[in-house]
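Report on the structure given below.
Protein chains in written order, with our numbering: chain A, 1 to 405; chain B, 406 to 810.
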């Protein structure tokens, strides 16, 4: 059909997420998938918690089923002000907050209101694939900054910024997941956080702080949010209830200077009018009845155990020339393998012959590198699956190393 | 702050919706607003229906709180296949359907996958303001086609298409709300529907059929959906549960050729990953337990009464040189006033002095006309408010007519 042709021209902006494709694979009964990014089902609201939320919705009557203001249900915004202050050390008024339909919507809106074609966007190497895909809509240029165990290497960032400046350019914004980064499992040190804000001020760009995992910390740290250190209104803070309550509610929020939040609200009107009122009231109830804070220690305990199990198995079983991140929290461990290995090329074979799946790391790199890396999720699989899966994966990688020699 | 400057450059794509602004005004206690587009609160799910939905969610356990596939919860898609066949006379398989976060998201995705900058998009004059705003993201050119009591005037459409063809151009798609159009309250006759599809075939463009009100019909009609007449896979059908169940669930759906649905799915991945699982299960329950079909006659009865009340009052009280649409269903009546009247300019005065609000019609016209028109909503106000509001409005308009003479 002739009139479909033009559709094809839009594909280069939107690659099907390999993570989601893997979720489809995982319906194979024998397959162990480290590929997804789902919370442990046991950490989702319990039957009692669901019933309590539901009772609350019932008590509200029809208001929960009606449209709500684009920027969010006012009671939820008031509760978010409190939550930001008490739990995140972030001071914000109600007009500095907007409720969004999951943090993915915040990334989509960020692209739409901030990026003009060919603008420079700075990301970590690697970075969250769905952020790149959201940004791609507006066709920016990317600058990737490598990471070490303390996060983004700021001397590399400064070098890139100087190069840009020499060409008369400056970046539109820098996107970072400073705590328990997805996919790398690394966190930015406090020194670097302070230094990053100095650099942002010096070179005058916005910092997007994506913080889905900041409360899922299972080691002693001194990490503060960039937004809590921000004195210039330069940081746009994005978070979500997907990882600390339930992804199924699709509720996230953004904290930023009032003038920026206004633009998020304007854009959101034409994207989905408003986020689901029902889901906003479910989250409001969870916050008001302290469900979330009661639940976090249980989630943290579970993920700590799974993470340590996976990390120790990887250290024990994987080839010596591989390197694995040792996260302080979150849901992912990242691996750098022998440079001769291409994790994307071997994936289908590993799934079919070894019965284990992961996300090839290359898609997380905006500079075309990362072919020898992989992301492993430890939150969703059971402990038994982690043991069996790492065993299978180590066999697959050792076999691959033999073949490439 | 220097780095906010560029934000301003994005404003021309996004005008704050006047409809939403009016909702803010309506918090004034004495104000009667015909400005919104909200369902009558009494038509929203009852306490018993909410409790039954909630019991269903409880019984599902954690799956309703987890992520779901981007294209929709499979059980809901299966139910939508049945619903389309039985209630809408539309034959579609599961891979020809995608669940979206309200039909507004469908419009947003439509813009993103179909429009390239400067493409021609055809709309009715007037048309749904939030569709224009969604399409504006991709900066198309518009061609507006005037309407009469039988909908879009197809001789005008053909003239525009010939003009385009002579310039070597063709439109990307035509956007129509054929039944109970928002804002005009008019419906396209069956003859015109058939003729429109012939024209679409001859000039080879896609037809977007937006159908939020197609089941809210309170007069005898023979209207069939364009999609049910579509033999070439040329129609993209969009609908929503906002008007027949509850806006607060933010659930809509799209029916189109499989190859087009694939693009909607690709785009949706980077927009919000998936629609809320909870809300999809609430809608699934409403469909399975026949709540929606039991409720529709009640909604129709209520809206019929309100519509007739408002229409008869308008005929009785408004100046003779004004014209009002007489809808077969839906939620809106549209008015064309004396050409010397500017409904936008007089709005603030009408709100402040007369205590009644409407939507100035100009924003619904893509060609800069319509300054003397207004949209009135009859679904949300009570019957008492309709009586008092039309009285206030007629005084205001008569006063304005006096002043402009």
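Cβ coordinates follow ideal geometry from the N, Cα and C atoms, glycine included.
Closest by C-alpha distance to residue i, when choosing among the options
| i | options | result |
| --- | --- | --- |
| residue 274/A | 70/A, 401/A, 137/A and 53/A | 70/A |
| residue 151/A | 316/A, 391/A and 124/A | 124/A |
| residue 725/B | 779/B, 699/B and 806/B | 806/B |
| residue 138/A | 521/B, 730/B and 586/B | 521/B |
| residue 66/A | 744/B, 651/B, 786/B and 740/B | 651/B |
| residue 625/B | 745/B, 780/B, 491/B and 732/B | 732/B |
| residue 702/B | 442/B, 649/B, 682/B and 669/B | 649/B |
| residue 546/B | 578/B, 767/B and 559/B | 578/B |
| residue 213/A | 206/A, 222/A and 238/A | 238/A |
| residue 700/B | 687/B, 469/B, 443/B and 449/B | 449/B |
| residue 89/A | 281/A, 224/A, 366/A and 381/A | 224/A |
| residue 711/B | 760/B, 793/B and 482/B | 793/B |
| residue 447/B | 804/B, 787/B, 796/B and 810/B | 787/B |
| residue 744/B | 753/B, 760/B and 774/B | 774/B |
| residue 229/A | 92/A, 78/A and 73/A | 92/A |
| residue 616/B | 606/B, 779/B, 536/B and 596/B | 536/B |
| residue 742/B | 523/B, 779/B and 772/B | 779/B |
| residue 384/A | 145/A, 313/A and 353/A | 313/A |
| residue 707/B | 467/B, 623/B and 661/B | 623/B |
| residue 574/B | 664/B, 609/B, 598/B and 781/B | 609/B |
Within 7 Å, strictly: CB atoms of residue i and residue j
| i | j | result |
| --- | --- | --- |
| residue 654/B | residue 646/B | yes |
| residue 461/B | residue 690/B | yes |
| residue 695/B | residue 656/B | no |
| residue 109/A | residue 267/A | yes |
| residue 799/B | residue 722/B | yes |
| residue 583/B | residue 769/B | no |
| residue 333/A | residue 96/A | no |
| residue 603/B | residue 632/B | no |
| residue 507/B | residue 764/B | no |
| residue 735/B | residue 585/B | yes |
| residue 171/A | residue 120/A | yes |
| residue 729/B | residue 747/B | no |
| residue 270/A | residue 539/B | yes |
| residue 621/B | residue 504/B | no |
| residue 348/A | residue 396/A | no |
| residue 459/B | residue 54/A | yes |
| residue 147/A | residue 107/A | no |
| residue 510/B | residue 272/A | yes |
| residue 682/B | residue 473/B | yes |
| residue 154/A | residue 122/A | no |
| residue 797/B | residue 766/B | no |
Chain C contact residues for residue i, given Cβ-Cβ distances below 7 Å
| i | result |
| --- | --- |
| residue 506/B | Any reference to chain C falls outside this structure, whose protein chains are A and B. |
Those residues which DSSP pairs with residue i across a bridge
| i | result |
| --- | --- |
| residue 374/A | 335/A and 360/A |
| residue 462/B | The partner list for residue 462/B (beta bridge, DSSP) is empty, contrary to what the question assumes. |
| residue 611/B | 578/B |
| residue 457/B | Looking at the DSSP assignment, residue 457/B forms no beta bridge with any residue, so it has no partner. |
| residue 451/B | Its beta-bridge partners do not exist; DSSP assigns none. |
| residue 323/A | 336/A |
| residue 217/A | 329/A |
| residue 33/A | 357/A |
The ligand NAD heavy atom lying under 6 Å from the CB of residue i
| i | result |
| --- | --- |
| residue 637/B | This structure does not include the ligand NAD; it has no bound ligands of any sort. |
Could you pull out every unbroken beta strand (DSSP E) segment of at least 3 residues lying fully inside the region 131-186 of chain A, listed in chain order?
-> 141-148 and 173-176
Under 8 Å (Cβ pairs) to chain A, residues found in the region 674-685 of chain B = 674, 675, 676, 677, 678, 679, 680, 681, 682, 683 and 684
Only counting runs of 4 or more residues, tell me where the alpha helix (DSSP H) segments fall wholly within the region 225-297 of chain A, in order along the chain.
-> 226-229, 258-269 and 277-288
Segments assigned beta strand (DSSP E), at least 3 residues, entirely inside the region 732-761 of chain B | 737-741
In the region 69-135 of chain A, which residue ranges form an unbroken alpha helix (DSSP H) of at least 4 residues, counting only runs that do not cross its ends?
-> 74-88 and 102-114
What residues from the region 514-530 of chain B come within 8 Å of chain A, judged by C-beta to C-beta, listed N to C?
-> 517, 518, 519 and 521
Residues from the region 319-339 of chain A in contact with chain B, defined by Cβ distance under 9 Å = none
If you measure beta-carbon to beta-carbon, which residues of the region 44-57 of chain A are closer than 7 Å to chain B?
-> 44, 45, 47, 50, 51, 54 and 57
Can you list, in chain order, the residues of the region 604-620 of chain B whose Cβ is nearer than 9 Å to any Cβ on chain A?
-> 609, 610 and 611
Contacting positions in the region 237-250 of chain A - beta carbon closer than 7 Å to chain B | 246, 247, 248, 249 and 250
What are the residues of the region 127-140 of chain A that lie near chain B, defined by any Cβ-Cβ distance shorter than 8 Å?
-> 130, 133, 134, 136 and 137
Identify each residue in the region 466-482 of chain B for which the Cβ-Cβ distance to at least one residue of chain A is less than 9 Å, and report them in chain order.
-> 466, 467, 468, 469, 470, 471, 472, 473, 474 and 475
Check distances from the C-beta atoms of the region 553-584 of chain B to those of chain A and list, in chain order, the residues that come in under 8 Å.
-> 577
Which residues, in chain order, does the region 433-447 of chain B contribute to contact with chain A at a C-beta distance below 9 Å?
-> 441, 442, 443, 444, 446 and 447
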